[in-house]
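In the UniProt record's numbering, the protein residues as written are 1 to 250. Backbone N, C-alpha and C fix where the C-beta goes; we use that ideal spot for every residue, glycine too. Just so we're clear, the structure is a prediction, and the values are computed from it rather than from any experiment. A quick write-up on the structure given underneath.
Shown next, in the form of structure tokens:
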């Protein structure tokens, strides 16, 4: 059997002041997919909607990666002052890419921004800034904005996510975000929250028919191949479940 090919979305960064932009990705995404038995295929921001069908013919599953804030124009809100860096071209491209993957019932895992994008694509909305719009006492990102914070999440009993994560009902996860889900989109159910009520994971209501999971934390940074702890093993199970679902398409 061929190894499943997993498309991984890239984000763009300016390397210097020359206006040159670079497509980039954290290598931990790639490592997690490879260790789970898949072949990562990096998908750049192309903004040629007619080419989406060709990308989807090449892949057996899709991983929507983290990155910048999602522009509120895509869920019909005006931006707040605390909105961070946005890339509307990326938003537009990935929303179209996900929509077509969703129609094909391609297995999809969304991480951080990726979960938020799934929600917006299915008609949901976001807190543009949880500190000013939800609770300014939360700790979901570090003071320097670079290193991660950690907090506990509670996982819904009987959910697909609970099954994937070693049937654990709670976990400590990392956190780099200041946006979060507000109104869940269509066909999505909330399956994990932080102690303060922030939505930490979603999955499809028809999870018996499709693999569609979104998590707010970054499991690729926690699923270390050299760490033998139970929790790190369980985070890697997210990627193994994506690969297992994608095998039916390979």
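By alpha-carbon positions, which one of the options ends up nearest to residue i?
| i | options | result |
| --- | --- | --- |
| residue 94 | 240, 213, 110, 81 | 110 |
| residue 199 | 176, 186, 208, 215 | 215 |
| residue 217 | 176, 118, 119, 32 | 176 |
| residue 115 | 91, 158, 42, 103 | 91 |
| residue 129 | 81, 2, 212, 41 | 81 |
| residue 74 | 88, 63, 34, 83 | 88 |
| residue 212 | 19, 30, 2, 63 | 63 |
| residue 233 | 26, 35, 2 | 35 |
| residue 29 | 117, 248, 46, 235 | 235 |
| residue 83 | 132, 117, 27, 44 | 132 |
Tell me the DSSP secondary structure of residue i in three-state form.
| i | result |
| --- | --- |
| residue 252 | This structure does not reach residue 252, given that the chain is present from 1 up to 250, and the question cannot be answered. |
| residue 102 | helix |
| residue 337 | In the structure displayed, the chain extends from 1 to 250; residue 337 sits before or after that span and is not available. |
| residue 140 | With a pLDDT of 49 at residue 140, under the threshold of 50, the predicted position of this residue should be treated as unreliable, and no value is reported. |
| residue 49 | helix |
| residue 95 | helix |
| residue 223 | coil |
| residue 244 | helix |
| residue 22 | strand |
If you count every other CB in all the chains shown that lies within 10 Å of the CB of residue i, and 16 or more means buried, which is it?
| i | result |
| --- | --- |
| residue 99 | exposed |
| residue 220 | buried |
| residue 57 | exposed |
| residue 4 | buried |
| residue 107 | buried |
| residue 143 | In this prediction, residue 143 has a pLDDT of 49, which is less than 50 and means its spatial position is unreliable; nothing more can be read from the coordinates. |
| residue 50 | exposed |
| residue 159 | buried |
| residue 119 | buried |
| residue 20 | exposed |
| residue 22 | exposed |
Go through its chain and collect everything with a Cβ distance to residue i's Cβ below 8 Å, but skip five positions before and after it.
| i | result |
| --- | --- |
| residue 85 | 68, 69 |
| residue 78 | 72 |
| residue 174 | 148, 149, 150, 217, 218, 221, 222 |
What is the C-beta distance between residue i and residue j, in whole angstroms, given that I count them as a contact (C-beta under 8 Å)?
| i | j | result |
| --- | --- | --- |
| residue 246 | residue 38 | 7 Å |
| residue 153 | residue 181 | Not really, about 13 Å apart at Cβ, beyond 8 Å. |
| residue 54 | residue 7 | 11 Å between Cβ atoms; not a contact. |
| residue 168 | residue 237 | Wrong, their Cβ atoms sit about 10 Å apart, outside the cutoff. |
| residue 48 | residue 126 | In fact, because the Cβ distance is near 27 Å, the residues do not count as touching under 8 Å. |
| residue 101 | residue 239 | That pair is no contact at about 17 Å. |
| residue 96 | residue 52 | 6 Å |
| residue 61 | residue 112 | At roughly 18 Å, the Cβ-Cβ gap does not stay under 8 Å, so residue 61 and residue 112 are not in contact. |
| residue 59 | residue 41 | 6 Å |
Ordered along the chain, which non-local residues of its own chain (more than five positions away) have a Cβ less than 6 Å from that of residue i?
| i | result |
| --- | --- |
| residue 124 | 183, 184, 185 |
| residue 241 | 164 |
| residue 194 | 151, 153, 200 |
Apart from the five residues on each side of it in sequence, which residues of its chain come closer than 7 Å, Cβ to Cβ, to residue i?
| i | result |
| --- | --- |
| residue 210 | 105, 204 |
| residue 192 | 153, 154, 155, 156, 161, 200, 201 |
| residue 279 | A question about residue 279 goes unanswered here, because the residues of the chain that appear run from 1 up to 250. |
| residue 189 | 202, 203, 205 |
| residue 122 | 185, 186, 187, 188 |
Distance cutoff 8 Å, beta carbons only. Does residue i sit that close to anything in chain B?
| i | result |
| --- | --- |
| residue 133 | Any reference to chain B falls outside this structure, which holds one protein chain only. |
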